[in-house]
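In the numbering used here, the protein residues as written are 86 to 306. Take a look at the structure set out below.
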Amino acid sequence: MTKTFKYNISEIFYSIQGEGTRVGRPCVFVRFQGCELRCDWCDTPYALEIKQKEQLMNLEEITQEVEKYECKFVMLTGGEPLYHKGVKDLINWFCDNNFEVVIETNGHQSIAEIDKRANFVVDIKCPGSKMEKFNNYENFKHLKKNDEVKFVILNREDFDFAINIIRKYELNNIVDNILFSPVFAVLEPVTLAEWILKEKINVRLQLQIHKFIWHPGKRGV
Ligand code: SF4
């Protein structure tokens with residue numbers, strides 16, 4: 086890829102990491118525009134469609150914008166970052182320049198060829214998303230212990246689906262952290278907490294804390 090290659094970027098912003106094991110830490114978010122999936126409960130609908138003209142940035146423009154925040158923790162999210170041709174070069178650049186890099190990916194794109202200095206949060210789509218047929222379970226072969234697998238849970242069917250996947254693939258032996266996140270404002274956290282406790286499974290209940298700190302619909306946080 087050349088320096089002139091342009092990436093579709095929805096937004097770049099500095100905020101508090103709201104999810105996963107790095108929750109609460111200041112982080113620069115690079116949100117890619119465009120996703121091949123259409124989860125029923127998607128909370129970033131503005132980042133789904135590619136709009137070529139307004140959102141093109143080259144590697145230099147993106148990295149300069151990120152460096153402005155003087156924070157060495159960057160999350161690539163979306164939309165779907167791995168959907169984008171050329172994203173490997175950007176990931177390599179951040180790793181080469183001593184950034185802590187986390188890639189949040191929808192679980193459909195392969196992570197096999199991505200720089201393993203980066204960490205992954207790989208979604209596994211449950212039936213409530215209507216996207217579960219797109220799950221790429223081959224990705225489990227490429228995960229490191231400190232990567233994370235995330236299930237967004239809409240209802241009991243989703244919970245049971247997630248438990249089955251964890252047991253079938255022995256996910257607790259693959260990663261240290263399996264995240265269960267209730268669909269915001271639909272599944273009550275207390276309900277999910279009780280299901281987890283009753284099932285006695287080793288997962289981490291997570292709430293999207295940015296939606297509690299700021300208004301749940303606020304962008305750029
Ligand atoms: S994969 Fe992520 S960005 Fe794409 S539709 Fe689903 S929730 Fe939205």
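Heads up, the beta-carbon is just placed ideally off N, CA and C, and yes, glycines get one too. These figures come from a predicted structure and were not determined experimentally.
Tell me where the alpha helix (DSSP H) around residue i begins and ends.
i: Glu279; result: 274–284
i: Phe246; result: 241–253
i: Phe297; result: 295–298
Tell me where the beta strand (DSSP E) around residue i begins and ends.
i: Thr129; result: Counting along the chain, Thr129 falls outside any beta strand (DSSP E), and DSSP gives it neither H nor E.
i: Glu198; result: Here Glu198 belongs to no beta strand (DSSP E), and DSSP marks it neither H nor E.
i: Lys215; result: Segment: none, Lys215 is in no beta strand (DSSP E) and carries neither H nor E.
i: Ile188; result: 185–190
i: Ile94; result: 91–101
i: Ile263; result: 262–267
For residue i versus residue j, is the C-beta distance shorter than 8 Å?
i: Phe269; j: Gln291; result: no
i: Phe114; j: Ile94; result: no
i: Ala203; j: Cys180; result: yes
i: Glu165; j: Cys124; result: no
i: Leu175; j: Ile199; result: no
i: Arg116; j: Gly163; result: yes
i: Leu282; j: Pro267; result: no
i: Asn220; j: Lys210; result: yes
i: Leu264; j: Asn240; result: no
i: Gly105; j: Val207; result: no
i: Lys253; j: Lys229; result: no
i: Phe246; j: Pro212; result: yes
i: Met142; j: Tyr92; result: yes
i: Asn191; j: Lys157; result: no
Could you check whether the Cβ of residue i sits closer than 7 Å to any heavy atom belonging to the ligand SF4?
i: Asn191; result: yes
i: Ala132; result: yes
i: Arg304; result: no
i: Arg116; result: no
i: Gly163; result: yes
i: Leu239; result: no
i: Cys124; result: yes
i: Cys120; result: yes
i: Cys211; result: no
i: Thr129; result: yes
From the DSSP secondary-structure annotation, give me the bridge partner or partners of residue i.
i: Ile209; result: Phe236
i: Pro111; result: Ile101
i: Leu122; result: Note: Leu122 sits in no beta bridge, so no partner.
i: Arg116; result: Glu96, Thr162
i: Leu228; result: BP columns for Leu228 are empty, so no partner.
i: Leu290; result: Phe265
i: Asn204; result: Val187
- Query: Can you list the beta strand (DSSP E) stretches of 3 or more residues lying completely in the region 139–175, in chain order?
  - Reply: DSSP assignment within the region 139–175 yields the following whole beta strand (DSSP E) runs of 3 residues or more, N-terminal first: 141–143, 158–162.
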